[in-house]
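In the working numbering, the protein residues as written are 3 to 164.
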């Protein structure tokens, strides 16, 4: 599975390098679209054959090979396109879907209280640990607290994706 993912990823990246070479001007949206389409084909193809690990590896490697072949100028433009799509489409959909999975009307009162207690305890613990972790950075207490609060959403995004 590991070797297969690497081989297919390199082949996919080289295919992108041949189909959309560096010297010819293509729009970043066009290049990004092709990267995404090939990634979707890899995920679907490997998923159907139960090689999910190979799929993820192939997608990562195909993107790296393609982007390296295009050079930094083109790569930055394609990256900016993906950033726009993430910020304005994928991210709102992700959090909408995460929120839709929670069915509050199905929760019993005791379960809700336990969930709120766990959430409160874990967030308090995270605030404390983060506050202490940035203690050696020469920040004042108010700045350390600001950093601790500012890092809370990062954990939320990681938890929802992972």
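For each residue, glycine too, the CB sits at the ideal point set by N, CA and C.
No experiment lies behind these values; they were computed from the predicted model shown.
DSSP three-state assignment for residue i, whether helix, strand or coil
| i | result |
| --- | --- |
| residue 73 | coil |
| residue 78 | helix |
| residue 109 | coil |
| residue 33 | helix |
| residue 52 | coil |
| residue 23 | coil |
| residue 141 | coil |
| residue 43 | helix |
| residue 87 | helix |
| residue 153 | coil |
| residue 104 | coil |
| residue 66 | helix |
Pairwise C-alpha distance: residue j and residue i
| i | j | result |
| --- | --- | --- |
| residue 3 | residue 22 | 28 angstroms |
| residue 27 | residue 56 | 32 angstroms |
| residue 148 | residue 81 | 30 angstroms |
| residue 15 | residue 98 | 33 angstroms |
| residue 61 | residue 11 | 6 angstroms |
| residue 59 | residue 88 | 21 angstroms |
| residue 8 | residue 140 | 44 angstroms |
| residue 135 | residue 100 | 30 angstroms |
| residue 92 | residue 5 | 31 angstroms |
| residue 122 | residue 48 | 40 angstroms |
| residue 77 | residue 138 | 37 angstroms |
| residue 13 | residue 37 | 13 angstroms |
Residue i beta carbon near the ligand GTP (any heavy atom closer than 7 angstroms)
| i | result |
| --- | --- |
| residue 74 | This structure lacks the ligand GTP, and indeed carries no ligand of any kind. |
Burial state of residue i, where buried means 16 or more other Cβ atoms lie within 10 Å
| i | result |
| --- | --- |
| residue 24 | exposed |
| residue 104 | exposed |
| residue 34 | buried |
| residue 65 | buried |
| residue 51 | exposed |
| residue 85 | exposed |
| residue 130 | exposed |
| residue 41 | buried |
| residue 154 | exposed |
| residue 109 | exposed |
- [ ] Would you be able to state if there are at least three C-beta pairs under 8 angstroms between the stretch 69-85 and the stretch 108-128?
- [x] At 8 angstroms Cβ cutoff, the stretches do not touch.
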